[in-house]
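Chains as they are written, first to last, in my numbering: chain A, 11 to 256; chain B, 4 to 294. Beta carbons: idealized from backbone N, C-alpha and C, even for Gly. Computed from a prediction, not measured in an experiment: that's the story for all the values here. Here is the structure we will look at, set down as structure tokens.
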Amino acid sequence: MTTLPESTDKKLGLVIDLDTCVGCHACVISCKGWNTENYGAPLSDQDPYGADPVGTFLNRVHSFEVQPEDKPAQLIHFPKSCLHCDDAPCVTVCPTGASYKRAEDGIVLVNEDSCIGCGLCAWACPYGAREMDGEEKVMKKCTLCVDRIYNENLPEEDRVPSCVRTCPAGARHFGDLGDPNSAVSVLVEERGGIDLMPEQGTKPVNKYLPPRLKDDIFYQAPEPLAPVVAEAKGFVGWLDKMLDKV
Amino acid sequence: MHPAPSVIVFTTLSGLGFGLLFWLGLGLPVVTGWAAFFYFALAFGCAVGGLLASTFHLGHPERAWRAFTQWRSSWLSREGICAVASLVVFGLYAIGLVFMGQQWVVLGLLGSVLAIGTVFTTAMIYTQLKTVPRWNTPVTPVLFLTLSLGGGALLAGQGVAALVLLLAAGAAQVVWWMQGDKALPQSGTTLATATGLGSIGKVRSFEPPHTGTNYLLKEFVHVVGRKHSQKLRLVAAVAGYILPILMLLILPFGWFVAALAAVIHALGVAASRWLFFAEAEHVVGLYYGKR
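Below you can see the structure in the form of structure tokens.
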């Protein structure tokens, strides 16, 4: 049923630290790998070795430049995947009931056997978290690695989403954001975690930790070097004066 | 948004078809026998042809029946139900008129309500999307409804109603265009809110996540279709509204004038629908520094 649950017992989700992410895209690749080999239809590529390759990914890393008023610009790497919203618009628009949010843990999933591939859920998502697979013609999205996190065949340290397990910088955290005492909730509280596009009213579960303030010492530019020649002489000096007058 | 030809054909034709069915259901005009056959063949041709075209953009059309199940939450599901219910009711109503010379008034009225419901639910599929600020306005269903009923009135030979409704549709179209051009900036969604980085400074897309294209860019950031938007707006305004209105005002109203006006009108509506998709900016484009 594509109505949303009144509330969910848990709110499993990710916390992404924009201060720590180094933009290596390892999470993108591990996500593609795990989700191609496991749950649901594989994430296909079209023309992968040709001139115009295109493919399905559930996680992508943007890079943004932020220019503060009076300080040097900052480069911020920005991983983006499904935010498993509390008020997920992608769920309610689904005409077939394929798109749903689980009452037990809040994960938003697609039942691929019921998906007609109309694409309306992707239209309704402001974050670009859903992509239609070019081969299977069904909607693909982050499952929060639902086939890892409860999987007792895996060693305990692997029972987290593939992107979290892979991140070499420790920029991705997984946990229950509905529990105020969980490690992820404490992290969000301490670092002032934010919602993306709060004005869209989606109430995302995933949070982003903004970059920490940079120490001003980094912004103190070195004194400019003294000019070696104060004023040009000879022909160059004459040319310089002439050109100034033109 | 990607202007998929199947969706443009669907909304244009089915709008006209259900518009014509609306008038036939009201008994404007009451036709029986062969005349009724031709009217209903035209209406069903447009409505069913449009619905069939719309299934072409589905990844799995064989599962389309599942779309009738989620009417509690989904406008797309409601549209499917309204469309099928309307066609079934009008099928029975048409049998009465064509083969028995009987007008079953209640059935006709019920069908007309369902026909309006179909056009309204179609419009709401787009109107509900906060992610596309240009569509997210009450003017969208007003535009869809006046166009459908106005075009239907042309086909049904209802000159006065067509004139009034096309004037109303033209006004709605102008308001929709003017409002739409300001919709994205006024929505409050910017790259700053999309990234949450606005409090640090001015945010700019430095490097996209992928060097090639992807589903999101092809579906939501379709800038090629906007290249001739001003010329197409002129085409839509002249063919969709101005010419049919002038023909209704100046020429003596008859079936030939009505049919010619309807064809010209349909071409204008198709141009307007192309722009409806091509000019619509999805907020996900902001992440890519595009709109």
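- Along the stretch 177-197 of chain B, the positions whose C-beta sits under 8 Å from a C-beta of chain A are S190, G191, T192, L194, T196 and A197, read in chain order.
- In this structure, DSSP gives Y137/A a state outside helix and strand, which the three-state scheme calls coil.
- Listed along chain A, no residue sits closer than 8 Å to H268/B by beta-carbon distance, the nearest being about 28 Å off.
- Segment contact: the stretch 71-83 of chain A against the stretch 206-220 of chain B, three or more CB-CB distances shorter than 8 Å; contact assigned.
- Boundaries around Y96/B are those of the alpha helix (DSSP H), W78 to F102, since no beta strand (DSSP E) includes it.
- In the same chain as G244/A, and ignoring 5 residues on each side of it, no C-beta atom comes closer than 8 Å to its own.
- Within the stretch 206-217 of chain A, L206, M207, P208, E209, Q210 and G211 place their CB atoms closer than 8 Å to a CB of chain B, listed in sequence order.
- Runs of the beta strand (DSSP E) lying entirely within the stretch 101-183 of chain A and spanning at least 3 residues, in chain order: 109-111 and 118-120.
- Annotation: the continuous beta strand (DSSP E) that includes S91/A extends over Q84 to S91.
- Following the DSSP letters along the chain, one finds L132/B in no beta strand (DSSP E), marked with neither H nor E.
- For chain B, the residues of the stretch 59-77 of chain A that bring a beta carbon within less than 8 Å of one of its beta carbons are D62, P63, V64, G65, T66, F67, R70, V71, H72, S73, F74, E75, V76 and Q77, in chain order.
- In this structure, A88/B places its C-beta atom within 7 Å of the C-beta atom of L117/B.
- The C-beta of R182/A has 16 or more other C-beta atoms within 10 Å across all chains shown, which makes the residue buried.
- Inclusion of L219/B and V287/B in the CB contact set at 7 Å is warranted, their separation being smaller than that value.
- The straight-line gap separating the alpha-carbon atoms of K185/B and L253/A is approximately 48 Å.
- Linking L197/A to V103/A through their CA atoms gives a straight-line distance of about 33 Å.
- For the 7 Å CB-CB criterion, A274/B and V238/B form a contact.
- Of all alpha-carbon atoms in A86/B, K221/B, W107/B and I203/B, the one lying nearest the alpha-carbon of L95/B is that of W107/B.
- Distance from the Cα of N191/A is smallest, within the candidate group K21/A, T13/A and P15/A, for K21/A.
- In the three-state DSSP reduction, Y49/A falls in the coil class, being neither helix nor strand.
- If you check each beta-carbon in the stretch 13-37 of chain A against every beta-carbon of chain B, the ones closer than 7 Å belong to T13.
- Assigned with DSSP and collapsed to three states, R207/B falls in strand.
- Here G120/B carries a helix assignment [DSSP, helix/strand/coil].
- The C-alpha of W277/B is placed about 13 Å away from the C-alpha of A240/B.
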